[in-house]
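Protein chains in written order, with my numbering: chain A, 245 to 756; chain B, 317 to 415; chain C, 10 to 514.
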């Protein structure tokens with residue numbers, strides 16, 4: 245492996261700034277790495293070598309001209325295929341959008357371009373971000389770099405695996421119920437779901453609009469913060485976006501990395517642990533807590549009684565909104581069009597046939613569930629009640645913030661499970677997100693950082709949550725934990741992963 | 317008695333414009349039934365006096381000024397259309413009616 | 010079709026209950042939820058963007074001006090303006106709804122509990138209760154291709170132009186209108202006309218029914234006549250039909266009349282009215298049922314997560330209240346009094362869309378009678394010939410006032426004034442400019458006139474002789490000759506005086 249791909253994004257910036265390397269070199273090194281390992285990993289749906297190298301050249305030129313550059317200029321990045329990229333196929337992991345070429349860029353993609361981050365390609369995901377294993381991609385699953393027979397988490401398994409397998413130093417994800425954090429946990433990487441509204445959703449193909457949030461994915465806390473600073477901030481095109489400055493996430497990460505968490509009040513969510521959680525995952529979590537305590541943080545138990553309804557509320561609100569958001573995939577304006585096998589060809593029958601052929605089973609399940617929950621006679625009992633539970637969960641958090649600065653839990657109850665293990669058992673699959681979901685329901689920020697390897701030798705994640713708009717706390721805690729753990733391990737967790745066998749990628753149609 | 321019947325799944329699938337095959341209908345009916353059963357607790361959790369939360373962060377009165385920005389070109393608008401004619405989207409005959 | 014009752018007969022047995030939904034397209038610069046231009050008549054799909062095309066990932070953003078217009082309309086309809094209201098998604102699949110849901114308002118509209126007093130031709134006033142007025146976005150335009158009729162049924166395929174998609178709409182919903190009896194069709198028409206007049210006065214819509222910027226759906230039901238008329242209100246409502254596509258004032262009256270007769274015939278023969286959507290056909294002046302649905306629509310309304318609640322401050326609402334125009338009916342009364350028009354003249358002016366033009370002309374200095382004479386006479390003819398409305402003519406109220414002042418100053422006569430107006434309508438400039446350019450001013454130079462008189466007398470010595478002999482009425486022939494020679498620019502009265510002076514004793 246080219247040594248360049250082992251660097252952190254922050255280190256890459258240092259070398260770029262000192263002109264020891266160029267962005268073209270750096271980008272090419274990652275394209276080469278993708279070429280050699282992505283056949284085994286399948287993190288990418290499409291790579292964009294020409295686009296990325298052109299952007300890298302532009303970054304180098306801008307740097308050469310002495311322009312005042314954004315911090316990550318020239319560092320390549322992978323983008324989850326749920327974000328619209330102008331002129332470049334965007335499928336959301338779905339067959340129904342196999343041929344969709346957006347006429348516009350998502351706001352965050354625009355920000356990447358403006359900040360000169362070359363986009364290496366679009367990463368694999370569960371179809372329309374619905375899943376916790378990336379097995380629901382219409383284009384085949386992504387494999388966990390730690391064990392190719394295991395899932396990389398989901399829905400953003402592609403972004404997490406790309407970063408975990410050193411195919412990219414940075415990636416963008418989206419998190420509706422844990423789609424950034426749970427993959428981070430099971431691939432030994434870092435992922436953040438910012439405060440709802442902290443990052444623009446314009447151009448993020450919506451699953452559940454009141455839960456979705458774009459966020460950064462990287463191999464360490466500082467890189468994640470640097471990326472957060474690039475993509476965050478107000479966007480008038482997203483009226484739910486916060487009209488606040490981006491929180492001081494980079495400063496907070498540096499503070500944490502320096503070990504400064506003295507006096508920080510940490511609350512352990514009683515409801516998110518214990519029964520149903522893998523022993524090794526709990527062990528690493530407890531050790532992490534002890535480290536933080538050793539650094540001067542105070543730790544106490546906090547109860548959030550309404551959390552036991554969170555999964556149920558989530559599986560009503562999310563499918564309800566999704567059923568409406570995904571209605572537009574109707575074969576009239578874009579995407580594939582499928583004629584009915586029998587009967588007259590009408591707009592209605594073509595819609596039905598296209599949606600039957602174009603959506604995978606998990607998407608259909610959720611659309612039907614959501615349509616049911618919103619339909620006449622059921623709204624109050626299902627969607628209405630779920631929204632009330634949402635209020636109760638927010639109240640639990642409000643009460644907790646009276647006592648502590650951050651709440652913590654294991655990110656996911658287990659390490660990566662085997663591919664195919666839970667594919668046809670939706671309820672079992674849904675449980676993977678039990679600890680990440682309350683965050684989305686409340687709109688608060690959450691981070692997952694590696695806590696070590698569990699008894700099965702697979703990565704486990706440590707999750708921290710903070711009040712709305714207090715994203716900086718996450719980076720402080722995450723940074724402190726990362727520094728303490730790496731001190732103990734003698735290096736980043738990713739360094740402990742086995743080398744991935746070289747397996748060239750199946751030739752794909754290049755972008756277009 | 318199941319929480320959600322096979323007939324109900326068929327009705328809802330039609331409402332969602334998904335032409336489910338017969339075998340899919342059976343499969344989904346049993347899965348959806350267990351999911352609906354699992355989420356039912358939600359309706360017991362919240363009493364009548366708890367307000368609903370539709371937006372996680374409470375903001376109000378967010379507006380856009382009434383200022384024109386350039387539209388897409390006609391070509392960009394129609395680029396991904398499955399079928400087109402005379403700069404319009406061509407769609408199959410519509411048997412329904414305006415609601 | 011054959012089964013229609015006579016209208017009077019229907020009214021003897023049944024009591025009609027009316028409800029009207031009016032969609033008003035707002036004339037904001039941009040659409041409801043995106044920054045595309047909101048114009049009628051642009052080339053297909055040239056005013057669309059990711060938002061109004063419903064592209065994946067695009068998000069709506071509320072137009073401030075549209076909210077302002079909705080509040081002003083609500084205030085003008087004597088509504089309460091909500092202290093808190095939200096947008097909701099109305100979910101249904103249809104190719105002209107780009108997201109397959111329409112962003113609308115559901116259980117908390119921005120305006121509610123209002124009324125509008127509507128005056129009928131004979132001066133009778135009905136108060137129409139307004140249940141609500143809410144904001145939403147318009148659908149795109151479908152063109153059905155193939156088939157015989159160009160209607161949905163029988164079309165081979167449909168072309169969709171999304172330019173109109175996302176146009177801001179306010180939908181005004183009345184409470185049930187009872188007790189109008191035989192005047193129900195007239196009242197329906199008068200109500201729509203009154204709303205139209207109101208939105209024009211507010212300046213919030215083009216209000217062109219022919220272009221669909223105001224569209225009305227008419228709900229009508231019949232219930233049996235109560236034996237005791239004072240108990241009529243206690244008789245429960247019958248099943249109603251909802252007639253769509255009623256796109257002229259005349260058609261409103263006709264559609265209501267038709268539904269009364271159709272439903273009466275159905276009910277009288279022991280049949281039942283089906284609660285359904287019907288379409289109005291201008292050509293046959295009748296309604297036909299829409300395709301019957303297998304089951305009732307289930308729109309699955311839920312709060313629009315992409316948009317935040319609107320809580321108009323009371324200060325803003327009061328500020329907007331100050332911008333309301335004088336209610337059109339009151340204004341008409343005031344102007345009629347000031348101008349001294351008869352009821353007939355006033356109605357004529359209103360119907361011709363000349364009211365504002367006459368008012369502006371009077372404002373610019375003309376007499377009311379003079380302003381009326383031009384706008385309802387020469388200009389109405391010109392508009393008719395050009396196939397436009399009065400406001401579409403190149404002549405402005407200031408031009409007409411200018412014309413009137415030239416006449417008053419004696420610089421032109423009525424005949425010349427018509428020529429000047431011709432020039433104004435031809436785009437030659439203001440009346441003053443046309444006058445100068447065409448050299449149309451009245452000849453008031455006596456020397457020039459005397460010269461012309463001498464020439465005329467010399468040409469007709471016998472007539473000169475008659476005048477000298479005291480036959481003063483013979484002077485007319487000489488006046489005519491002088492007018493002809495001066496191409497009408499002479500003051501005929503002055504010519505006559507000069508002839509008498511010259512030949513009389």
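All C-beta atoms, glycine included, are put in the ideal place defined by N, C-alpha and C.
Min CB distance residue i to chain C below 9 Å
| i | result |
| --- | --- |
| residue 352 (chain B) | no |
| residue 356 (chain A) | no |
| residue 383 (chain A) | no |
| residue 367 (chain B) | no |
| residue 480 (chain A) | yes |
| residue 471 (chain A) | no |
| residue 376 (chain B) | yes |
| residue 404 (chain B) | yes |
| residue 336 (chain B) | no |
Cutoff 7 Å; reference residue i; Cβ partners in own chain excluding five residues on either side
| i | result |
| --- | --- |
| residue 395 (chain B) | none |
| residue 541 (chain C) | The structure shown does not extend to residue 541 (chain C), since chain C is modelled only from 10 through 514, so no value can be given for it. |
| residue 213 (chain C) | 35, 36, 78, 81 and 82 |
| residue 242 (chain C) | 187 |
| residue 730 (chain A) | 736 |
Amino acids of chain C, ordered along the chain, whose beta-carbon sits closer than 9 Å to that of residue i
| i | result |
| --- | --- |
| residue 483 (chain A) | 68, 69, 70, 71, 315, 316 and 317 |
| residue 383 (chain B) | 38, 39 and 44 |
Under 9 Å by beta carbon: chain A residues contacting residue i
| i | result |
| --- | --- |
| residue 388 (chain B) | 347 and 348 |
| residue 107 (chain C) | 572, 576 and 577 |
Any C-beta of chain B under 9 Å from that of residue i
| i | result |
| --- | --- |
| residue 88 (chain C) | no |
| residue 756 (chain A) | Residue confidence is low: residue 756 (chain A) scores 37 on pLDDT, short of 50, so the model does not pin down where it sits. Its coordinate-derived value is still stated next. For residue 756 (chain A), the answer is no, since every Cβ of chain B falls outside 9 Å of its Cβ. |
| residue 225 (chain C) | no |
| residue 681 (chain A) | no |
Chain A contact for residue i (CB, 9 Å cutoff)
| i | result |
| --- | --- |
| residue 413 (chain B) | Unreliable placement is indicated for residue 413 (chain B), whose pLDDT of 44 sits below 50; the coordinate value is still reported in the next sentence. Answer no: the Cβ-Cβ gap between residue 413 (chain B) and chain A never drops below 9 Å. |
| residue 50 (chain C) | no |
| residue 53 (chain C) | no |
| residue 408 (chain B) | yes |
| residue 310 (chain C) | yes |
| residue 217 (chain C) | no |
Residue i: contacting residues in chain B (beta-carbon distance under 7 Å)
| i | result |
| --- | --- |
| residue 295 (chain A) | The premise fails here: residue 295 (chain A) is roughly 18 Å from chain B at the closest Cβ pair, so nothing lies under 7 Å. |
| residue 126 (chain C) | Those do not exist, as residue 126 (chain C) stays about 31 Å from chain B at its closest Cβ, beyond 7 Å. |
| residue 366 (chain A) | Those do not exist, as residue 366 (chain A) stays about 16 Å from chain B at its closest Cβ, beyond 7 Å. |
| residue 634 (chain A) | 369 |
| residue 284 (chain C) | The contacting residues do not exist; residue 284 (chain C) stays about 14 Å from chain B at best. |
Same chain only: Cβ atoms within 6 Å of residue i, ignoring 5 sequence neighbours per side
| i | result |
| --- | --- |
| residue 275 (chain A) | 293 |
| residue 524 (chain A) | 698 and 699 |
| residue 53 (chain C) | 170 |
| residue 401 (chain A) | 378, 386 and 427 |
Contacting residues, own chain, Cβ-Cβ under 8 Å from residue i (five flanking each side not counted)
| i | result |
| --- | --- |
| residue 348 (chain B) | 320 and 325 |
| residue 538 (chain A) | 728 |
| residue 411 (chain B) | none |
| residue 110 (chain C) | 98, 99, 100 and 101 |
| residue 662 (chain A) | 393, 394 and 395 |
Cβ-heavy atom distance, residue i to the ligand HEM, below 8 Å
| i | result |
| --- | --- |
| residue 342 (chain C) | Although the ligand HEM was asked about, the structure shown includes no ligands whatsoever. |
8 Å Cβ cut-off: residues of chain B touching residue i
| i | result |
| --- | --- |
| residue 297 (chain C) | Near residue 297 (chain C) there are no residues of chain B at all, since even the closest Cβ is about 11 Å away, more than 8 Å. |
Just list the beta strand (DSSP E) runs in the region 660 to 745 of chain A, keeping only unbroken ones of 3 residues or longer that don't cross its boundaries, in chain order. 690 to 697 and 703 to 709
What residues in the region 557 to 590 of chain A bring their beta carbon closer than 8 Å to a beta carbon of chain B? 557, 559, 560, 567, 571, 574, 575, 576, 577, 578, 579, 580, 581, 584, 588, 589 and 590
Give, in chain order, every residue of the region 608 to 621 of chain A whose Cβ lies closer than 8 Å to some Cβ of chain C. 615, 618, 619 and 620
Output the residue ranges of the alpha helix (DSSP H) runs that lie fully inside the region 547 to 602 of chain A and measure 4 residues or longer, sorted by chain position. 554 to 569 and 591 to 602
Check distances from the C-beta atoms of the region 319 to 331 of chain A to those of chain B and list, in chain order, the residues that come in under 7 Å. none
Residues of the region 439 to 468 of chain A in Cβ contact with chain C at a cutoff of 8 Å, in chain order, please. 445, 446, 447, 448, 449, 450, 452, 453 and 454
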